[in-house]
Amino acid sequence: MKTSAPFLIYDAAAGSGKTYTLVREYLTLLLQRDKNDYFNSLLALTFTNKAVNEMKERIVESLVDFSADEAIAHPPQMMLDIAEILKRDIPSIQKHSRAILKTLLHNYAAFSVETIDSFNHRLIRTFARDLNLPSNFEVELDSNALLSEAVDSLISKIGEDEEITKILIEYAMEKADDDKSWDITKDILDTANLLTKETETPHLEKLKGKSLKDFRDFKKDIQKKKAQLESVILKKIEHTKSILETHSLNEKSFSRGSFITFINRLTQGEYGVIDYNAAWINNMGEKPMYTGTFLKSNPNEAAIIDENVPVFIELVQASKEIVIQIQFLTMVLKNLTPLSVIHLVAQEIEHIKESQNIIPILQFNALIHDEIKNQPAPFIYERLGERYKHFFIDEFQDTSQMQWQNLVPLIDNTLSQSALKKDGSLLLVGDVKQSIYRWRGGDPEQFLSLIEGETIFPTHTAEIENLPKNFRSFAEIVNFNNKFFTYAAKYFGNPSHESLYITGNEQEKVATHEGFVELSFFDEKKKEDRGAQYATKIIETVEKLCLNGFNYSDICVLTRRKSEGVLLSKALMDHGINVISNETLLLQNSPFVQCLVNTIKLTIQPDDSETKVQLLDFLHDHLNILEEKYTFFKRLLAGDMSNFTNGLSDFNIHISEKKINERSLYESIEYLVCAYNLESVADAYLYGFMDFVFEYEQKPLADKQGFLDYWEQKREKASVAMGEGTNGVKFMTIHKSKGLEFPVVIFPFAEIKLYEDRHASKWVSVPDDLSTVFDETLVPYSSKLEQMGEEGEQMYQTHRNTLELDNFNLLYVTLTRAVEQLYILTETPSNFKDHPTSYSQLFKLFLVENDLWQESKSEYSFGNFKEKQKLSKENTLEAIHPKFISSEPSTHGLHIITSPAQLWGTVAQDAINEGNLFHDTMELIKYHGDEKLIFEKMRRSATIPEERITALENAVNQVMTHKDISHLFETTTTVENERDIITKEGFVLRPDRLNISEENKSITIVDYKTGVPSYDHEDQINGYANALIEIGYKIEEKILIYTNEEIVVNKV
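Under full-length UniProt numbering, think of the first position of the sequence shown as 1, with each following residue one higher.
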């Protein structure tokens, strides 16, 4: 175990104890130091909240175990490992662990185990002013929602903006020519998804500043150039055609008529179907262009053909060069209109960001990167660099280039200190073979480069430690994966990738249980029919497993696409098998949820007949109404909304539009649950929906119409959160399964193509003679790139190798999730050449290599099927059905008095509450604009009387617009509200507001008061000033603000 290296990399294959190792290294550092709060100096970064929680739990649980009384007699294995590393006895580690645990629990906020996004957010918040960002910005987590809003905004401009209208119509017509729908919303969303990819950012930045005219001119130049080249080809053909016509040479004169077909395709501009690698072209000048039969019957014509072969060769060669240029221009044209649309969507996103004061989480990395890239000692890391001495990065293979480049300066500073014999280290943990998130920026190649010896830090090179053992899977699963991936590695086009998979699949078995792997082939070629076959096989397998001691919850079905999981999960549910899947537990599938959403919709759109019909259809069934459905519908649909609600009252459903409109969104939903008598049937869907509503209501400016828009954006994904231990067969995409394990894994649709990438595009350089405005442009990825010169050939091969690695990694992640049993369901591959292009072909070649393949055999097993092995105590959850409890006080016979809210009555009490409320409000305000969001939220909460809000609003506005202090609410200084100051005597002081100028380290102190000015107030603010002077600040101003009927500003 290497623990002393300043820069250490753990290459951790699947199931090798990565988290155990990471926690052990973290705790070793803590226990190595005398300081009980040394965790303040450690920063651990990973990529998901789930991974953060798991790591924190493991660290705390380990400290709890080390601290336990029984640890002396029965020390945990990790405790023994650390004792060996540190050469310490168990009692001293126990004592130290207790002290660390106590300190950590009392200072949990300083326990820096977090996601890289959370770390970036903290950085950006701290240095918002330095990064020229508004301090009160909101983070937008859902990039798809932002993209959808931008596309909607763009489409809404059709008919209003002539240029935009023209571009979008052109885009729609091009899609129609490709046999796609005229409804371009989805196409634009798919196209503009490029904006959410970090790897595309540098290219898209180059489009900023370009106008629609620039795109239009570029398109015209390409079309003109293409027409010129086509004209050149036609001129070159003329000489050849004259030879053919003069000597009456036609299709029958040439073998298979190939040359004449070639001439015709050139003439008609059918360049895409010309194969310049065809055998007849490669044989020109070496073999006759005619058949032996033609030579015998037409020796003179054959001689003329032989005589003109050099002319024909010259035409083929010259046309090839021109056709390559034409095809390049055609590829550029194909993506140019979409590229201009992406440019427009990007502009809409910028408008939305500015108007809503938001920053998408996807832009965090770019914001930091832009700020630090040209600075030798990046200032935003200065303070952090002093604090953190040791860095841990988990799942490093998923780190993007930009994320890594942003962290390098901070880590470099620490490692430089280490070189000077000061404390400092970096630990990276990951596995290139488990990198499956390239689509969101993950770059496995940078990890591979470090493993292969690339030097990043001038003072240190990495020491590599492999984790050789597999603690997860039973023996036969480890054997199968070792053999299969070692064999398959020889098909890699990149030698580094081949070496990675050979050395990375020599795992040692730890489990003594045998394990079982089954590989099944199916003949059906149609995917829908094959899906039915897979479903039948999965049902049979699940039933067999359950008869042998397994529970539904032990089984996980992994698919590449959600649609495949939905298809199969439906089949299992139809067969009576419980299923757990986000896709099958969508909130929108609940009729109760649909009823509530439809009612809210009707309060805003009372004439929406379709929504009324949907609601009535539900109520007719829910209430078991005996009235014939058609009559029921007709009666309630006639007339206005009041007629509708009056009609419902006949069935004891009393809904008041007034009461809905008076309530906040959440309270309105609760009111409707009670009105529709849904309390008794409240289920997981309804509770999940209430959580969904509550989450939305925390957003700024949340209202009912906004909720309906939000619901439309989220309803395809919003699902019931299922707790651990629910007994059902899990359905999960492969990407979601990363880092997880399951007793049994079933992998259907295992015929994924290795090199398929239908929607990929690549950025290529634009020749100077084509444009002086555009440096590069986007072209579709296809094999045609190989013919586009050296750049195109390299681009094609690099992307092909990338696809190969990504799809091998996807397969590796899938096959290494299983603990006891693994089932693979795939199609029987048709005949193919030596190099495989799909998983199914790889599986067949593996079986052939091991002399197992038989044409008549469809199932192959490794190991023996056995009943479930009882490895640990199982946790089972008893289903509970909680009672629905409304939060409306009146339903409980209560009248809640809030403070400040309804506790008004005496003049003195009014003054106290108004003063407290003013202080609480000003605590939330740093800069101009903050107050608007605060009062919006205050009104939505409905806990403070409107007249009090109005009075408070007036008072706040008087303060913020006062001529003597208005400047304090500008964004030119850093603001700290209610910040504690600890004096050297240990007293805690808390001024209301500090305006801090970082440039000259000066502070303006502000305190809000009510009543008449007094010397006590001045003494208090002077006390704040003295404490700040002691810690090195200069005092710019000391201001007392008295908020009575008129604002009084007193500068002390």
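From the three backbone atoms N, C-alpha and C, an ideal C-beta is built for every residue, glycine too.
Just so we're clear, the structure is a prediction, and the values are computed from it rather than from any experiment.
**OP:** Mind checking who A318 pairs with in its DSSP beta bridge?
**Re:** A318 is not bridged to any residue.
Original post:
Hey, T816 and G15 are a contact pair by Cβ (cut 8 Å); roughly how many whole angstroms apart?
Top reply: 6 Å
**OP:** Give me the Cβ distance between F111 and L104, rounded to the nearest whole Å; I'm assuming they're in contact under 8 Å.
**Re:** 6 Å
Original post:
Within 10 angstroms of its Cβ, does N1044 collect 16 or more other Cβ (buried), or is it exposed?
Top reply: exposed
Subject >> Three CB pairs or more closer than 8 Å across the region 459-470 and the region 842-862 >> reply: no
Subject >> Identified DSSP bridge partners for P606 >> reply: In the DSSP output, where bridge partners are listed per residue, P606 has none listed.
Original post:
Any idea if I124 is buried or exposed, counting beta-carbon neighbours within 10 angstroms, 16 or more meaning buried?
Top reply: buried
Subject >> Local Cβ density within 10 Å of N300, reported as buried at 16 or more and exposed below that >> reply: exposed
Subject >> Residue environment, I538, which counts as buried when at least 16 other CB atoms sit within 10 Å >> reply: buried
**OP:** Check the C-beta distance from S41 over to H390 and give it rounded, since I have them as a contact under 8 Å.
**Re:** 6 Å
Original post:
Helix, strand or coil: how does DSSP classify K287 here?
Top reply: strand
Subject >> CB-CB length for T196 against L147, believed under 8 Å >> reply: 6 Å
Subject >> Buried/exposed call for I580, threshold 16 Cβ in 10 Å >> reply: buried
Subject >> alpha helix (DSSP H) segments (min. 4 residues) lying fully within the region 248-297 >> reply: 258-268, 279-282 and 292-297
**OP:** Note the first and the last residue of the continuous alpha helix (DSSP H) segment covering Y10.
**Re:** Y10 -> not in any alpha helix (DSSP H); beta strand (DSSP E) instead, spanning F7 to A12.
Original post:
Does DSSP classify P900 as helix, strand or coil?
Top reply: Since pLDDT at P900 reaches only 38, below the 50 mark, its modelled position is unreliable, and the value read off the structure follows with that caveat. If DSSP states are grouped into helix, strand and coil, P900 belongs with coil.
Original post:
What is the DSSP secondary structure of L586, counted as helix, strand or coil?
Top reply: strand
Original post:
Any idea if Y823 is buried or exposed, counting beta-carbon neighbours within 10 angstroms, 16 or more meaning buried?
Top reply: buried
Original post:
Given D221, which residues of its chain have a CB within under 8 Å of its CB, disregarding the five upstream and five downstream residues?
Top reply: L770 and S771
Subject >> Cutoff 8 Å; reference N335; Cβ partners in own chain excluding five residues on either side >> reply: S761, T777, L778, V779 and P780
Original post:
Which stretch, first to last residue, makes up the beta strand (DSSP E) that contains P780?
Top reply: E776 to P780
Subject >> Euclidean distance between Cα positions of L141 and L852 >> reply: 50 Å
Subject >> Residues of its chain near Y1042, where Cβ-Cβ distance is below 6 Å and the 5 sequence neighbours each way are ignored >> reply: K1009 and V1048
**OP:** Using 10 angstroms around the beta-carbon of H497, count the other beta-carbons present and answer buried if the total reaches 16, otherwise exposed.
**Re:** buried
**OP:** Assuming F774 contacts F328 (C-beta within less than 8 Å), just tell me the rounded distance between them.
**Re:** Rounded, the Cβ-Cβ distance is 14 Å, inconsistent with contact.
Original post:
Once you ignore the five residues that flank Y276 on each side, which residues in its own chain have a CB closer than 7 Å to its CB?
Top reply: K320
Original post:
Per DSSP, what kind of secondary structure is W763 in: helix, strand or coil?
Top reply: strand
Original post:
On the three-pair Cβ rule with 8 Å, is the region 919-929 touching the region 992-1000?
Top reply: yes
**OP:** Determine contact between the region 624-643 and the region 560-567, defined as no fewer than three beta-carbon pairs at a distance below 8 Å.
**Re:** no
Subject >> Expected contact under 8 Å - CB spacing of K1034 and N1000 to nearest Å >> reply: 7 Å
Original post:
Under a three-way DSSP split, which group does S861 fall into?
Top reply: strand
Original post:
Does the Cβ of P748 have 16 or more other Cβ atoms within 10 Å, making it buried, or fewer, making it exposed?
Top reply: buried
**OP:** Determine the burial state of N652: buried for a count of at least 16 other Cβ atoms within 10 Å of its Cβ, exposed for fewer.
**Re:** exposed
**OP:** Measuring alpha carbon to alpha carbon, tell me which of I660, S680, K699 and L754 ends up nearest Q841.
**Re:** L754
**OP:** Specify whether the region 470-480 and the region 511-527 touch according to this definition: at least 3 beta carbon pairs, one from each stretch, less than 8 Å apart.
**Re:** yes
**OP:** State the Cα-Cα distance for the pair D69 and P360, rounded to the nearest angstrom.
**Re:** 49 Å
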